[in-house]
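Everything on this sheet refers to the single structure shown next.
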Amino acid sequence: MEYKCKIPCKKEKLGEVRSFVRNSMQEHNISENVIEPVILAVDEVCANVIIHSYGCNSRKKMDLNILFAKDNSSVTFEIHDASGCSFNIENYEAPSIDQLIREKRKGGLGLRIVKQIMDRIEFESQPKLSTYRLYKKIP
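All letters in the sequence shown, in the order written, are residues 1 to 139 by full-length UniProt numbering.
Shown next as structure tokens:
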């Protein structure tokens, strides 16, 4: 089964992302213990696309697709970025916690958390479209 959503690229719309993910997963009777961390991961990637790729331009929209395996054993989240400013999430090396503390940096942990929550992450880049795929096995 597939669910599709277009989200205006502004931070205030991230609540819609979270609701869309939650509602879609609840329809498949997935445990809240799985849903909550997945919401965090999808929200983080969407926030990065909205902020860093689209510059919070509410006139632009980002696509979020959710695809459930026929046997409900896994779910795939596709985030489509047509901004032309892609970021290869697969190659991202998160800074160490010690480095973040030393530099007194805010942020920097989001993608580290995404990689810990999701079972697999893929990045696909075409001239006018980048796609982030987040995979999660459903116990």
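For each residue, glycine too, the CB sits at the ideal point set by N, CA and C. Source: prediction; values computed, not measured.
Sub-8 angstroms separation of residue i and residue j beta-carbons
i, j, result
"Asp43", "Val75", "no"
"Tyr135", "Val45", "no"
"Val21", "Ile138", "no"
"Gly65", "Lys4", "Checking the sequence shown, residue 65 turns out to be Asn, not Gly. Yes."
"Phe68", "Met1", "yes"
"Lys6", "Lys61", "yes"
Any chain C beta carbon closer than 8 angstroms to residue i
i, result
"Arg112", "Here chain C cannot be found, since the structure has a single protein chain."
Environment of residue i [buried if 16+ CB atoms lie within 10 Å]
i, result
"Cys9", "buried"
Candidates the options: closest to residue i by CA position
i, options, result
"Ser125", "Arg112, Val114 and Ile79", "Ile79"
"Val38", "Asp63, Ile50, Met25 and Asn29", "Met25"
"Lys13", "Leu40, Ile50, Lys128 and Gly110", "Ile50"
"Asp119", "Asn29, Ser73 and Asn23", "Ser73"
"Gly55", "Glu122, Leu40 and Ala82", "Ala82"
Only counting runs of 4 or more residues, tell me where the alpha helix (DSSP H) segments fall wholly within the UniProt domain "Histidine kinase/HSP90-like ATPase" (8–131), in order along the chain.
-> For the UniProt domain "Histidine kinase/HSP90-like ATPase" (8–131), whole alpha helix (DSSP H) runs of length 4 or above, ordered along the chain, are 14–27, 32–48, 97–103 and 110–117.
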